[in-house]
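Adding 8 to a residue's 1-based position in the sequence shown gives its number in our numbering.
I have placed the structure first, in the form of C-alpha cells, so that the comments after it can refer back to it.
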Amino acid sequence: MSDVHGEAVKDRSDGTARLLPMSKDPFHAPTDRDMLPSERRLFVNTHRTCVFGYGRRSDGPAMSIVYYIPSESGDLFVSTMADRAKAKAVTRNGKISLCVLDETWPFAYLQVYCDAVIDDDEEALVDVMMAVAERMSGEPLGAELRPLVKTMGEEEGRVLVRCRPYATFVTPPRHLHHNDQEERLTHWVSASMPWDAADSPEAP
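Here is the structure:
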C-alpha cells in the first residue's frame with residue numbers, strides 16, 4: 009500500500025497502480041437521492057467487502073463474499089485460490105460483477121460491472137494479501153510478516169484477480185423507521201452508469 013507498505017501493483021498499461029489505504033471513514037450513501045458518479049467511486053474506494061458474482065455454465069450466477077482492494081488506477085483486486093471456481097470463471101469469461109456492501113444501517117449496496125483477468129504478478133499478490141489482512145484485522149501487517157504471507161499464498165495456490173470497472177448500478181437505501189412515520193417511504197428505478205462518468209453540473 010502506498011502509505012503503509014510502500015508497495016505498488018504493476019499496471020499493464022499505465023506503469024504502476026498503487027493500492028489505496030484502508031479507509032477509516034467509509035462513504036455513507038445518501039438516503040434521499042441517487043449517488044453521483046464521483047460518490048459511487050468514493051463508495052467503492054472506501055469500503056472493503058463485496059459479493060463476487062460470475063456466471064455458471066448450467067446454473068444461475070454464483071456469488072461469494074470477498075474482501076477487495078481498490079487502487080489509484082481504479083482497478084479492484086481480489087485474492088483467491090487458483091482451484092476455486094472464481095478463478096476458473098474469470099479465465100473462462102472475464103465479465104463479473106462486484107456488489108460492494110455497506111456496513112451501516114440502513115444498508116446500501118453498489119454493483120460494479122467489471123472486466124476481470126488473472127494477474128501473474130506474484131509480488132502484487134502478496135501486496136493485496138497483506139492489504140486484505142489489514143482490512144480483516146483493522147491493523148496493518150509489519151514488513152517482517154511479508155515472507156510468511158508470501159509462503160501462505162504459495163501453499164494455498166493463490167492468484168490475483170484484477171477487476172477493471174466499466175459501469176455501476178446503485179439505488180439509495182430506503183428504511184421504514186416506524187410504521188406511523190410521517191415521511192412517505194418512496195422508491196424509484198435506477199440505471200447503470202459508466203464508471204468514469206462525470207458529475208452533472210446540476211448535481212447537488
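Glycine included, every Cβ here is placed at the ideal spot set by N, Cα and C.
Because the structure is a prediction, the values reported are computed rather than measured.
Return yes when the Cβ of residue j is within less than 7 Å of the Cβ of residue i, no when it is not.
i    : j    : result
C58  : C122 : no
V178 : L118 : yes
V224 : G102 : There is no way to answer for residue 224, as the model of the chain reaches only from 9 to 212.
V167 : A97  : no
A90  : G165 : yes
N116 : A37  : Residue identity check: residue 116 is Ala in the sequence provided, not Asn. Against a cut-off of 7 Å, the Cβ pair of A37 and A116 comes out as a contact.
I77  : A141 : no
V120 : P173 : yes
R3   : T176 : What is shown of the chain runs 9 to 212, which leaves residue 3 out entirely.
R56  : Y75  : yes
Pull the bridge partners of residue i from the DSSP assignment, please.
i    : result
F177 : Q119
A70  : Y62
D127 : L168
L27  : S79
P202 : A175
Taking the continuous beta strand (DSSP E) assigned at residue i, which residues delimit it?
i    : result
L84  : 84-89
L109 : 103-109
Helix, strand or coil for residue i per DSSP?
i    : result
D135 : helix
V59  : strand
R172 : strand
A151 : helix
P209 : coil
R41  : coil
On the DSSP letters alone, give me the boundaries of the alpha helix (DSSP H) that residue i sits inside.
i    : result
L50  : 45-54
K94  : 93-100
T159 : 154-164
What distance in whole Å lies between the Cβ atoms of residue j and residue i, which are believed to be in contact at a cut-off of 8 Å?
i    : j    : result
L44  : D204 : Their Cβ separation, rounded to whole angstroms, is 13 Å, which puts L44 and D204 out of contact at 8 Å.
S79  : L27  : 5 Å
V134 : V169 : With 8 Å as the limit, V134 and V169 do not qualify as a contact, their Cβ atoms being about 15 Å apart.
A70  : G82  : With 8 Å as the limit, A70 and G82 do not qualify as a contact, their Cβ atoms being about 25 Å apart.
S31  : T54  : 4 Å
C171 : I73  : Not confirmed; about 15 Å, so no contact.
T39  : P114 : 7 Å
E111 : P29  : With 8 Å as the limit, E111 and P29 do not qualify as a contact, their Cβ atoms being about 17 Å apart.
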